[in-house]
């Protein structure tokens with residue numbers, strides 16, 4: 013299956029829009045007011061299907077097929093948790109959110125991964141494969157930007173790993189945080 017899930021105790025509606033002769037499925041989840049994402053923990057995992065819960069109080073399990081190329085767009089308010097995308101083929105990942113602490117783990121299963129993060133007051137810890145070509149564009153009022161285990165060169169408004177253009181796997185991160193901390197770690 014492409015996607016499976018178990019949703020309990022929430023007012024969640026979804027719609028599926030098939031495009032390109034049923035080769036692309038756009039799946040949109042709408043959560044009614046009163047549902048919070050205060051405890052996103054391990055939303056995605058590392059099995060053939062990925063599964064995790066949105067909230068301890070109102071559990072929602074979503075299972076994603078790890079053989080499919082994904083374009084994930086998350087629009088959330090306050091968020092504390094971990095998003096482990098390392099087992100998925102991620103072409104694009106977009107996160108629009110408010111305040112919070114987020115751990116994001118990226119993998120190298122897709123040759124070109126684009127990440128776009130727009131958040132308010134937030135602390136991000138992002139983990140990237142050390143052998144990937146990395147390009148990071150940062151905007152906002154960061155208290156600190158730390159790179160651990162990575163050698164990145166500053167070119168104009170970007171931080172770029174040596175050999176980025178020739179890298180077999182490329183990860184491009186565009187991050188705009190109103191205020192907060194950013195930590196990029198090699199794995």
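Numbering (my numbering), first residue to last: 13 to 199. Backbone N, C-alpha and C define an ideal beta-carbon position, used for all residues, glycine too. All figures in this text were calculated on a predicted structure; none of them were measured in a lab.
For the structure I just gave you, are there three or more beta carbon pairs, one from the stretch 82–101 and one from the stretch 109–116, closer than 8 Å? yes
Inter-residue CB distance, residue 127 and residue 184 (contact presumed, cutoff 8 Å): As a position in the chain shown, residue 127 is number 115, starting the count at 1. As a position in the chain shown, residue 184 is number 172, starting the count at 1. The pair is a contact, with the Cβ atoms about 7 Å apart (cut-off 8 Å).
Beta-bridge partners of residue 171, as assigned by DSSP: By one-based count along the chain shown, residue 171 stands at place 159. Partner(s): 148, 166.
Three-state secondary structure (DSSP) of residue 177: The count along the chain shown starts at 1 and reaches residue 177 at position 165. Here residue 177 sits in helix by DSSP.
Any idea which residues DSSP pairs residue 198 with across the strands? By 1-based counting over the chain shown, the position of residue 198 is 186. Its beta-bridge partners are 140.
According to DSSP, is residue 191 part of a helix, a strand, or is it coil? In the chain shown, the residue the question calls residue 191 occupies position 179. Note: residue 191 maps to strand in three-state DSSP.
Mapping the DSSP letters down to three states, classify residue 45 as helix, strand or coil. Counted from its first residue, the chain shown places residue 45 at position 33. Legend: pLDDT at residue 45 = 42, less than 50; position of this residue unreliable, value from coordinates given subsequently. Looking at residue 45 - three-state DSSP - the assignment turns out to be coil, as it is neither helix nor strand.
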